[in-house]
Amino acid sequence: MWVSFLKYHGWESGCGSSTYRPALLTLVRYDDKYKIEMMSGAFDFGMDVLSFDGKSMKCHDDGPNVLSPNSIPFWKITKVGNLKETDNEKRASEKTQVQNAPNNENDHKEEENKEKLDYNTPEYKDLMGLTISEADRNVKYLFISNIINYVMEAFKTSSLRRLGSFDESIYTEMVDIEKCAVLDFLEYCKEYEKTH
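When we follow UniProt numbering, the leftmost residue of the sequence shown carries the number 1, and every step to the right adds one.
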């Protein structure tokens, strides 16, 4: 499996003459075939992006609004256990807190916190470095955590059941993934333009 940041590029779709934004993509190889398993919506990492002329954070029609991913210099991933182990530790801690509480308003807290979890799913800690270009003027270095758990969560639903399979329906599924991602990006562009 490969995890990458791709670059969306929308012409006359929002802020400026065109808008560029990073998005997360996972690519999986099955024997000699490759499949796009996931494409996220656009990320701006909560940043107000510098205009192409470098003078403001506002949208200008005379140039693009650019936030482009460049590289992932490192991605450190550490397995910290399975959800079952983590969940059991959390419940033991919560039970102690409830027993030591002055009143027992939280008697049902343990029951409320029980969720239907896949206890075989590993839990990880990670830290990724990502370099991005802003307005083709600045390069910024971002430190991002929890990417691996985000990806694993996405695979927990429908994809894990099909992980390892590659049939004719996969082509339609990949086209659908791309269509959804593009529609989400166009919606993002409109919303970003409204606030900038």
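Here a beta-carbon is modelled for each residue, glycine too, at the ideal position from N, C-alpha and C.
The structure presented is a predicted model; accordingly, all values stated were derived computationally and were not measured.
Which residue from the options puts its Cα closest to that of residue i?
i: G41; options: K194, T195, E191 and F185; result: F185
i: R137; options: G54, D61, Y124 and E187; result: G54
i: M1; options: T78, S71 and D31; result: D31
i: V80; options: E123, M38, A23 and T172; result: E123
i: Y34; options: Y192, A135, K125 and I170; result: I170
i: G63; options: T195, L25, Y192 and T19; result: T19
i: E191; options: C59, R29 and I36; result: C59
How many Å lie between residue i and residue j at the Cα?
i: L27; j: V3; result: 7 Å
i: T131; j: F5; result: 10 Å
i: E115; j: I144; result: With a pLDDT of only 45 at E115, under the threshold of 50, the placement of this residue in the model should not be trusted; the figure read from the coordinates follows. The alpha-carbon atoms of E115 and I144 are separated by roughly 27 Å.
i: C189; j: F74; result: 29 Å
i: W147; j: L127; result: A small correction: the amino acid at residue 147 is Ile; Trp does not occupy that position in the sequence shown. About 8 Å.
i: D176; j: E187; result: 17 Å
i: G46; j: M174; result: 28 Å
i: P22; j: M38; result: 14 Å
i: L25; j: I77; result: 18 Å
Kindly give me the distance between the Cβ atoms of residue i and residue j, rounded to whole angstroms, as I take these residues to be in contact under 8 Å.
i: L67; j: D48; result: Going by Cβ atoms, the distance from L67 to D48 rounds to 10 Å, so no, they are not a contact pair.
i: N65; j: S133; result: 12 Å between Cβ atoms; not a contact.
With the cut-off set at 9 Å, would you say residue i and residue j are in Cβ contact?
i: residue 208; j: G14; result: This structure leaves residue 208 out entirely; the chain is present only between 1 and 196.
i: G16; j: S51; result: yes
- Sufficient close CB pairs (3 or more, under 8 Å) joining the segment 148-158 to the segment 5-14: No, the segment 148-158 is not in contact with the segment 5-14.
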